[in-house]
Amino acid sequence: MAAVDSFPLLYREISRSCSSYFEALALVGALYTAHRTAVLLRNCYTLVRVHFLPRIIPCKKLSQRYGDWAVIYGATEPVAKAYAEELARQGISIIFVTQNQTSVRDTAAFLSQSYGVETVLVLADFSLDQAASKPIKEAMRGRDIGFLVNCVDESLASPQSLIEMPEQGLLDLVNRNIAVATLMTRLVLPGMVERSRGAVVNISSGACCRPLPGRVTLTAYTGYLDHFSRALHLEYSGKGIFIQSLIPFQIASNRRQPSSSSSPPTSEGWFVPKPEVYAHHAISTLGVSNRTTGYWPHTLQYGLLHCIPEWIWVLGASVLISSS
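In the numbering used here, the protein residues as written are 1 to 324.
If you want it as C-alpha cells, here you go:
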C-alpha cells in the first residue's frame, strides 16, 4: 500500500498503462484537425475561385457563350429586374414573361433606352394551363435564347402559418413558384439543347438551407427550385447547358432572408446589398458555380449557417419571429 501513497507515483503508473490510449486519441485529434484545416482551405479556395477570379480574369461575352436573348420570369421582383438590367448592360435582349404588363413595362422601356437592346413583353395567363405557353413560344420563335431566369415570389418572405393561407391563394403560389418555373424551363430547353449552349438561372432564397417557423411555403418553394436546378444541371450539363441555383440571403428592399421578420426592408450594407450590387456579383458566377449564393458575403453567412446545429437555428428563428 505504501507504493500508492505517493500521487506522482500513482500518476506515472496510470500514465504508463494508458499511454497507448493517449497516443490513439492524439492521432484521432491530429486527423480531425487536419481534416478541418483541409475543409477550411478548400472553402477559401472555392470562395476565391467563384467570387473573385471571374471578376479579375477576362472571358468571352455572355452573348458569345450562351446566346443573344434572355427570357425573364418574375421580373416584378427587384432582384430579377436587377439581373435583367445586368444582362442588358452586356448586350443581351430581354423577353419579359409576366401576368401583369404594367408592372414590367417601365423596366422594359428603361432597358431599351439605356442599353439599346430589344425588349419584348409577353402577357401569359398561366391559369389557362397549357394555353399560356403559346404566346411564349411565339415570342421565342427564331430568336437565339441563351438565358432563362426564374425568380421566386418575394411575398412569401412574410411570416404566415400554413393554415392561415387561403386555399386559392396557396394554389396560386404553388402555380407561380413551382409549376410555372418548371414550365418555363421546359419551353426553353429544347432550343438550348439543339444549339448545345444556354444557361438557366433559378433565383430562390437562402431559406432553402434550413426549416423556418412561419415560413413553410417559402422554405418549400425555394427548396424545390434549388433541388430542381441541381437535378437539371446533372442531366443537361453534358449537353452544353449551364443550370445555376442562386440562393441569396437578405437583399435591400427585398425581404429574402431566412431570419428576416415582417418589419420593413432594412437599409443596404455589406451583408445586405442593393439588388443592382447583388446582380453584378451574381452574374459573374455564371458558368463557374452551379449552386452559389451569388454574393461572397452571403457565402460567408451560408458557411456560418451550416456551423449552427439545426435545433439552435430553429429555436433562434422562433424567438425572432415571436418578438417581431
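Yeah, the Cβ is synthetic: ideal placement off N, Cα and C, and Gly gets one too.
For Phe242, the nearest candidate out of Val201, Leu121, Arg55 and Tyr115 (CA to CA):
Within the sequence shown, numbered from 1, the residue matching residue 242 stands at position 242. If we check each option's Cα against that of Phe242, Val201 comes out closest.
To which residues of the same chain is Met1 closer than 6 angstroms at the C-beta, ignoring the five residues directly before and after it?
Here residue 1 corresponds to residue number 1 of the sequence shown, with the count starting at 1. Confidence in Met1 is poor, its pLDDT being 45 and thus under 50, which makes the residue's placement unreliable; the coordinate value appears in the next sentence. Answer for Met1: no residue qualifies.
Sort Val314, Glu138, Arg176 and Thr299 by Cα distance to Phe271 and report the nearest one.
For the purposes of this step, residue 271 is taken as the residue at position 271 of the sequence shown. Nearest of Val314, Glu138, Arg176 and Thr299 to Phe271, Cα basis: Thr299.
Look at Gly146 and Trp69 and say whether their C-beta atoms are less than 9 angstroms apart.
Against the sequence shown, residue 146 aligns to sequence position 146. Against the sequence shown, residue 69 aligns to sequence position 69. For Gly146 and Trp69, yes; Cβs fall inside 9 angstroms.
Exposure of Cys151, with buried meaning 16 or more beta-carbon neighbours within 10 Å
On the sequence shown, residue 151 is found 151 positions in, with the first residue counted as 1. The residue in question, Cys151, is buried, as its Cβ has 16 or more Cβ neighbours within 10 Å.
Less than 9 angstroms separating the beta-carbons of Tyr66 and Ala199?
For the purposes of this step, residue 66 is taken as the residue at position 66 of the sequence shown. For the purposes of this step, residue 199 is taken as the residue at position 199 of the sequence shown. Going by C-beta atoms, Tyr66 is nearer than 9 angstroms to Ala199.
If you count every other CB in all the chains shown that lies within 10 Å of the CB of Cys307, and 16 or more means buried, which is it?
Position 307 of the sequence shown, counted from the start, is the residue given in the question as residue 307. Burial call: exposed.
Taking only runs that begin and end inside the region 138-193, name each unbroken beta strand (DSSP E) of 3 or more residues, in chain order.
145-151
Name, in chain order, the residues that DSSP records as bridge partners for Thr33.
Counted from its first residue, the sequence shown places residue 33 at position 33. In DSSP, Thr33 forms no bridge with anything.
Close beta carbons around His280, own chain, < 7 angstroms, minus the five adjacent residues each side:
Here residue 280 corresponds to residue number 280 of the sequence shown, with the count starting at 1. Here the set comprises Glu86.
What residue range is occupied by the uninterrupted alpha helix (DSSP H) comprising Thr107?
Looking up residue 107 in the sequence shown gives position 107. Here the alpha helix (DSSP H) through Thr107 covers Thr102 to Tyr115.
Run through the DSSP bridge pairs and tell me what Thr217 is partnered with.
Within the sequence shown, numbered from 1, the residue matching residue 217 stands at position 217. Answer is none; Thr217 lacks a bridge partner.
Residue(s) in a DSSP beta bridge with Trp69:
On the sequence shown, position 69 is the one that residue 69 refers to. Trp69 pairs with Ser93 and Ile145.
Taking the beta carbon of Ser161 as the centre, do at least 16 other beta carbons fall within 10 Å, making it buried, or is it exposed?
If you number the sequence shown from 1, residue 161 lands on position 161. Ser161 should be labelled exposed.
Spatial neighbours of Ser237 within its chain, please: CB distance less than 8 angstroms, with the 5 preceding and 5 following residues excluded, ordered by chain position.
As a working note, residue 237 is residue 237 in the sequence shown. So the qualifying residues of the chain are Ile243 and Asn290.
Assigned exposure category for Ile95 - 16 Cβ within 10 Å defines buried:
Along the sequence shown, read from residue 1 onward, the residue named residue 95 stands at position 95. Ile95 comes out buried.
Taking only the alpha-carbon atoms, compute the straight-line gap between Tyr302 and Met140 and give it to the nearest angstrom.
By one-based count along the sequence shown, residue 302 stands at place 302. By one-based count along the sequence shown, residue 140 stands at place 140. Approximately 36 angstroms, taken between the alpha carbons.
Tell me whether Asn43 sits in a helix, a strand or coil according to DSSP, three-state version.
For the purposes of this step, residue 43 is taken as the residue at position 43 of the sequence shown. DSSP places Asn43 in helix when its eight states are reduced to three.
Cβ shell of Ala207 (< 7 angstroms), same chain only, five flanking positions each side left out:
Numbered from its first residue, the sequence shown carries residue 207 at position 207. Counting only Cβ-Cβ distances below 7 angstroms, and skipping sequence neighbours, we find Arg215, Leu218, Thr219, Thr222 and Pro258.
Can you grab the Cα-Cα spacing for the pair Phe126 / Leu225, in whole Å?
Here residue 126 is taken as the residue at index 126 of the sequence shown, counted from 1. Here residue 225 is taken as the residue at index 225 of the sequence shown, counted from 1. When only Cα atoms are considered, Phe126 and Leu225 end up about 18 angstroms apart.
Determine, using beta carbons only, whether Thr98 and Lys81 come nearer to each other than 9 angstroms.
Taking the sequence shown and counting its residues from 1, the one referred to as residue 98 is at position 98. Taking the sequence shown and counting its residues from 1, the one referred to as residue 81 is at position 81. No, the pair does not count as a contact, with Cβ atoms beyond the cut-off.
Cutting at 6 angstroms between CB atoms, please list the residues of its own chain near Leu189, excluding the five before and the five after it.
The residue given as residue 189 occupies position 189 in the sequence shown. Answer for Leu189: no residue qualifies.
What are the partner residues of Gly198, as DSSP defines its beta bridges?
Along the sequence shown, read from residue 1 onward, the residue named residue 198 stands at position 198. Note: Gly198 sits in a beta bridge opposite Ile241.
Pick out whichever of Gly91, Ala34, Glu194 and Phe228 has its Cα sitting closest to the Cα of Lys60.
Walking along the sequence shown from the start, residue 60 turns up at place 60. Minimum Cα distance to Lys60 is reached at Gly91.
Beta-carbon proximity list for Gly240, same chain, < 7 angstroms, skipping 5 on both sides
On the sequence shown, position 240 is the one that residue 240 refers to. Closer than 7 angstroms at the Cβ level, and outside the excluded window around Gly240, lie Ser196 and Arg197.
Glu164 burial status per 10 Å Cβ neighbour count (16 or more: buried)
Here residue 164 refers to the residue found at position 164 of the sequence shown. Glu164 is exposed by the Cβ-count criterion.
Can you tell me which residues form a DSSP beta bridge with Thr292?
Looking up residue 292 in the sequence shown gives position 292. Paired residue(s): Leu246.
Own chain residues within Cβ distance below 6 angstroms of Thr76, not counting five before or after:
Start at 1 with the first residue of the sequence shown, and residue 76 comes out as number 76. Ser103, listed in sequence order.
Closest by CA to Asn177, which one among Ser204, Val193, Leu187 and Arg186?
Position 177 of the sequence shown, counted from the first residue, corresponds to residue 177. Looking at the Cα atoms, Ser204 is the closest of the given residues.
Gln101, buried or exposed, once every other Cβ within 10 Å from all chains shown has been counted against 16:
On the sequence shown, position 101 is the one that residue 101 refers to. Classification for Gln101: exposed.
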